[in-house]
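Residue numbers (the UniProt record's numbering), protein chains in the order written: chain A, 1 to 306; chain B, 1 to 505. Virtual Cβ for every residue (Gly too), placed ideally from N, Cα, C. For clarity, every value in this text was computed on a predicted model and none was experimentally measured. Notes follow the structure.
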């Protein structure tokens with residue numbers, strides 16, 4: 001075993017890459033849940049985003065276009081969920097689960113001719129001077145644009161929820177949809193917007209796996225990241241910065257355990273492989289020991305009856 | 001009267017199977033306090049929802065100062081100067097006071113300015129409020145202040161109030177009335193909905209009475225007796241509950257020095273509660289909502305377990321027994337929350353009858369359920385308590401609040417309890433049904449049962465109880481004989497006005 005083969009700078013840089021898909025999906029789902037909707041279809045929307053982004057990038061040669069397509073594909077799948085739950089009043093848990101199953105099947109079908117192809121590479125940004133700094137340069141200033149977008153999105157969602165009127169209305173709808181309706185807010189419309197946003201974010205997260213993190217297409221390649229994102233939202237107590245922390249922790253442990261495996265540490269691979277899930281959930285459970293504040297209307301369907 | 005502020009002309013609104021409003025017309029003058037009276041299901045709520053733009057009328061029109069007024073949504077109604085305080089508070093528990101108020105405004109100012117304005121307005125009208133407190137932590141009275149201030153900040157021309165006093169102490173009611181009178185003197189009109197006829201007599205200039213969706217009459221409340229108004233609402237003469245002279249027997253239930261920690265973050269801890277109730281006695285427990293009523297009911301019914309000796313039935317400790325074991329011994333309870341606590345909303349009335357009646361009515365034998373007997377039991381409740389429903393197969397949710405309440409109380413009363421605990425037995429129930437429920441409690445006591453009636457309706461407690469105690473922040477006052485208690489004394493037992501003061505401008 002040779003731990004000296006692990007380069008801490010590369011390790012930190014790659015943990016940020018490993019965390020980004022999870023972060024994007026979790027931030028999207030956080031907004032959805034804040035509006036009072038529980039969409040368990042994150043995994044399905046991610047994998048559809050992964051293949052839609054991959055296919056578009058391969059066909060057009062532009063990774064950026066691939067990400068745009070992934071966001072649209074994720075949002076399109078979430079429309080299905082929105083129609084089922086918001087307009088047809090279907091059960092949110094069952095609809096979300098079936099959305100995941102549908103997404104996994106659909107992506108496998110769409111991806112048949114893309115197995116084994118390499119997508120066009122997304123360039124990393126390069127800022128003169130800053131990116132060339134030792135240690136700090138590769139960690140902070142040498143990533144692709146989507147990674148920075150994920151962090152900016154976290155900040156934007158935090159600000160929106162805390163300080164903007166839009167965020168206040170969104171929280172109000174998730175807290176008590178009957179009261180929000182009585183005050184004249186369009187509950188269904190607001191929830192539809194939130195669901196679309198969540199779908200687009202999940203799609204982006206999926207495409208980040210297939211275009212940057214891996215990068216290639218295999219069936220079922222999201223490998224449960226969508227489910228971790230769902231758990232992350234709950235354990236982060238619906239707070240954006242905590243979701244970021246949890247995503248980085250998960251990404252970090254994932255990268256570390258991969259490095260340990262490569263270094264040949266004498267721990268069975270199975271234990272190493274389960275460690276990111278265990279440690280992330282453990283830490284977030286401890287963090288969320290304070291007053292857990294689930295939106296009061298979470299998972300309840302709204303119908304404007306008399 | 002010149003041009004009225006708001007004139008309703010032939011408003012009609014039908015829902016499948018029921019006409020909620022049938023050509024209702026009346027006027028509300030400038031600066032007038034107008035009462036809207038009616039039983040449950042008379043169409044009051046639908047009518048005010050039309051005025052507030054939540055529901056569109058099928059036909060008829062409204063004129064606001066002579067101009068056609070057709071609000072498509074509440075936003076537009078608010079822009080036209082119409083504000084509403086809801087019966088079921090339309091507040092968001094997890095948000096703070098300022099955020100709640102901002103949600104009800106069209107163009108709220110910056111949070112800091114809004115907080116300053118909330119302080120200013122709340123002090124002007126004697127309704128002190130901290131803008132940054134979380135609404136979930138507020139008492140019912142304080143929550144109502146949030147709603148009222150939300151309306152006042154928009155300078156309304158017409159303020160609609162749907163049953164505003166049902167959760168207030170007498171002192172708080174008095175202050176609310178002073179606030180309303182001050183508003184009226186500033187030229188604001190008020191449309192006031194209430195079941196409490198004495199309040200309407202002191203406050204309102206004019207009253208419109210609805211029955212089955214129709215306007216059946218108008219009156220000047222100060223010149224009409226409460227009884228006459230009640231009879232106009234019901235459409236027939238009203239029975240006042242008759243109390244027979246009773247002898248009290250030995251002590252049936254006895255609680256000594258009971259303290260229970262708060263069950264949840266928004267709950268109340270019970271502190272050193274002493275309580276004794278004798279056979280044939282009705283003990284009334286007053287107090288503003290959220291002072292430990294639910295917790296006390298939980299302790300009495302067996303939902304919350306305590307030390308064995310803390311709760312005694314006929315001298316035997318029952319503190320460690322759960323609800324079913326207590327039912328077997330004759331301790332029955334009817335909690336306040338009808339949907340979800342007293343009854344399972346999506347189950348039929350027969351199934352709901354089974355839920356609490358299985359032990360005492362023998363509806364369950366060797367683990368098998370006797371549905372035939374249960375249905376007969378449900379039908380017995382429906383007949384005896386005049387529950388209006390097509391049959392026992394209907395879901396509890398489909399009944400109106402008052403009808404379900406009759407069913408829930410009837411279900412316990414018919415099981416012939418030794419001790420019956422009820423919380424808010426007539427909450428949201430119209431005058432005739434309330435009288436019937438109270439009568440059944442009195443009859444039960446006359447047969448020798450001990451009854452503990454927890455209620456926020458003081459008139460009700462004065463009407464039926466033999467002794468009276470008040471809950472305040474989880475403490476139970478020493479019981480006093482109910483006869484001869486004055487409203488002021490009761491108010492003080494309930495803990496006074498909770499820091500409210502009279503408007504001082």
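Pair within 9 Å by beta-carbon distance, residue 127(B) and residue 149(B): Walking along the second chain from the start, residue 127(B) turns up at place 127. Walking along the second chain from the start, residue 149(B) turns up at place 149. For residue 127(B) and residue 149(B), yes; Cβs fall inside 9 Å.
Within-9 Å CB hit, residue 169(A) to chain B: The residue given as residue 169(A) occupies position 169 in the first chain. Chain B contact via Cβ: present.
Buried versus exposed, by CB contacts within 10 Å (16 or more), residue 67(B): By 1-based counting over the second chain, the position of residue 67(B) is 67. Exposed, because fewer than 16 other Cβ atoms sit within 10 Å of the Cβ of residue 67(B).
Separation of residue 434(B) from residue 37(B), as counted between CA atoms: As a working note, residue 37(B) is residue 37 in the second chain. As a working note, residue 434(B) is residue 434 in the second chain. Their backbone Cα atoms lie some 16 Å apart in a straight line.
Coil, strand or helix - residue 498(B) by DSSP: In the second chain, residue 498(B) corresponds to position 498, counting from 1. Residue placement at residue 498(B) is flagged as unreliable, the pLDDT there being 44, under the threshold of 50; the coordinate-derived value follows with that caveat. Three-state DSSP puts residue 498(B) in coil, outside helix and strand.
Proximal chain B residues relative to residue 175(A), where beta-carbon distance stays under 9 Å: As a working mapping, residue 175(A) is identified with position 175 in the first chain. Going along chain B in sequence order, the residues near residue 175(A) (Cβ under 9 Å) are 92, 93, 94, 95.
Residues, ordered as in the chain, of the region 97-116 of chain B that lie near chain A by beta-carbon distance below 9 Å: 99, 100, 102, 103, 104, 108, 111
Residues near residue 114(A) by beta carbon distance below 8 Å, same chain, minus five either side: For the purposes of this step, residue 114(A) is identified with residue 114 of the first chain, where counting begins at 1. Taken in chain order, the residues that qualify are 51, 54, 55, 58, 217.
Delimiting residues of the beta strand (DSSP E) encompassing residue 272(B): Locating residue 272(B) in the second chain gives position 272, where the first residue counts as 1. Counting along the chain, the beta strand (DSSP E) containing residue 272(B) begins and ends at 270-278.
Local Cβ density within 10 Å of residue 303(A), reported as buried at 16 or more and exposed below that: On the first chain, position 303 is the one that residue 303(A) refers to. When all chains shown are included, residue 303(A) counts as exposed.
Any chain A beta carbon closer than 9 Å to residue 73(B): For this step, residue 73(B) is matched to residue 73 along the second chain. Yes - at least one Cβ of chain A is within 9 Å of the one on residue 73(B).
Pairwise C-alpha distance: residue 487(B) and residue 339(B): Looking up residue 339(B) in the second chain gives position 339. Looking up residue 487(B) in the second chain gives position 487. In a straight line, the C-alpha of residue 339(B) is about 32 Å away from that of residue 487(B).
DSSP beta-bridge partners of residue 481(B): Residue mapping note: residue 481(B) aligns to position 481 of the second chain, counting from 1. 467(B), per the DSSP bridge assignment.
Min CB distance residue 35(A) to chain B below 9 Å: Within the first chain, numbered from 1, the residue matching residue 35(A) stands at position 35. Taking Cβ atoms only, chain B never reaches closer than 9 Å to residue 35(A), which makes this a no.
N- and C-terminal bounds of the beta strand (DSSP E) containing residue 69(B): The count along the second chain starts at 1 and reaches residue 69(B) at position 69. No beta strand (DSSP E) contains residue 69(B), which DSSP labels as neither H nor E.
Contact check, residue 73(A) vs residue 49(A), beta carbons under 9 Å: Residue mapping note: residue 73(A) aligns to position 73 of the first chain, counting from 1. Residue mapping note: residue 49(A) aligns to position 49 of the first chain, counting from 1. In contact: residue 73(A) and residue 49(A) (Cβ atoms closer than 9 Å).
heavy atom of the ligand ADP below 8 Å from residue 467(B) C-beta: With respect to the ligand ADP, the structure offers nothing, as it holds no ligand at all.
Chain A contacts from the region 46-64 of chain B (Cβ-Cβ distance under 9 Å): 46, 49, 52, 53, 54, 55
Separation of residue 269(A) from residue 9(A), as counted between CA atoms: Taking the first residue of the first chain as position 1, residue 9(A) is located at position 9. Taking the first residue of the first chain as position 1, residue 269(A) is located at position 269. Distance between the alpha carbons of residue 9(A) and residue 269(A): 24 Å.
Contact with chain B by residue 299(A), beta-carbon distance below 9 Å: For this step, residue 299(A) is matched to residue 299 along the first chain. With 9 Å as the cut-off, residue 299(A) does not count as an interface residue toward chain B.
Between the CA atoms of residue 402(B) and residue 313(B) - distance to the nearest angstrom: One-based indexing of the second chain puts residue 313(B) at position 313. One-based indexing of the second chain puts residue 402(B) at position 402. Each residue's Cα considered, the two are about 31 Å apart.
Anticipated Cβ contact below 8 Å, residue 345(B) with residue 397(B), distance rounded: Working through the second chain from its first residue, we reach residue 345(B) at position 345. Working through the second chain from its first residue, we reach residue 397(B) at position 397. Contact holds; Cβ gap of about 4 Å.
Residue(s) in a DSSP beta bridge with residue 218(B): The residue you call residue 218(B) lines up with position 218 of the second chain. DSSP output for residue 218(B) lists 208(B) as bridge partner(s).
Which residues DSSP lists as bridging residue 191(B), in chain order: Looking up residue 191(B) in the second chain gives position 191. 34(B), 160(B), per the DSSP bridge assignment.
Contact the region 23-39 of chain B vs the region 155-163 of chain A: 3+ CB pairs below 8 Å: no
Coil, strand or helix - residue 54(B) by DSSP: As a position in the second chain, residue 54(B) is number 54, starting the count at 1. Three-state DSSP puts residue 54(B) in coil, outside helix and strand.
Identity of the residue in 411(B), 423(B), 104(B), 154(B) nearest residue 287(B) by Cα: In the second chain, residue 287(B) corresponds to position 287, counting from 1. Taking only the C-alpha atoms, the option nearest residue 287(B) is 423(B).
Neighbour list for residue 172(A) in chain B, Cβ cutoff strictly below 9 Å: For the purposes of this step, residue 172(A) is identified with residue 172 of the first chain, where counting begins at 1. Here the neighbours are 92, 95, 99, 100, 103.
Option in 22(B), 467(B), 379(B), 384(B) with minimal Cα separation from residue 393(B): As a first step, residue 393(B) is located in the second chain; it is residue number 393 there, counting from the start. The residue with the shortest Cα to Cα distance from residue 393(B) is 379(B).
Cα-Cα separation, residue 473(B) to residue 264(B): Taking the first residue of the second chain as 1, we reach residue 473(B) at position 473. Taking the first residue of the second chain as 1, we reach residue 264(B) at position 264. Distance between the alpha carbons of residue 473(B) and residue 264(B): 15 Å.
Residue 129(A) burial status per 10 Å Cβ neighbour count (16 or more: buried): Your numbering for residue 129(A) matches position 129 in the first chain. Classification for residue 129(A): exposed.
DSSP three-state assignment for residue 142(A), whether helix, strand or coil: Counted from its first residue, the first chain places residue 142(A) at position 142. DSSP places residue 142(A) in coil when its eight states are reduced to three.
Cross-strand partners of residue 83(B) (DSSP beta bridge): Sequence index remark: in the second chain, residue 83(B) carries index 83 (1-based). Partner(s): 159(B).
Residue 468(B) at chain A interface by Cβ criterion, 9 Å: Residue mapping note: residue 468(B) aligns to position 468 of the second chain, counting from 1. It does not; no Cβ of chain A falls within 9 Å.
Cutoff 9 Å: residue 143(B) Cβ touching any chain A Cβ: As a first step, residue 143(B) must be located in the second chain, where it is residue number 143. Not closer than 9 Å to any Cβ of chain A, the Cβ of residue 143(B) fails to qualify, so no.
Residue 58(B) versus residue 15(B): straight-line alpha-carbon distance, rounded: For this step, residue 58(B) is matched to residue 58 along the second chain. For this step, residue 15(B) is matched to residue 15 along the second chain. Their Cα atoms are separated by approximately 10 Å.
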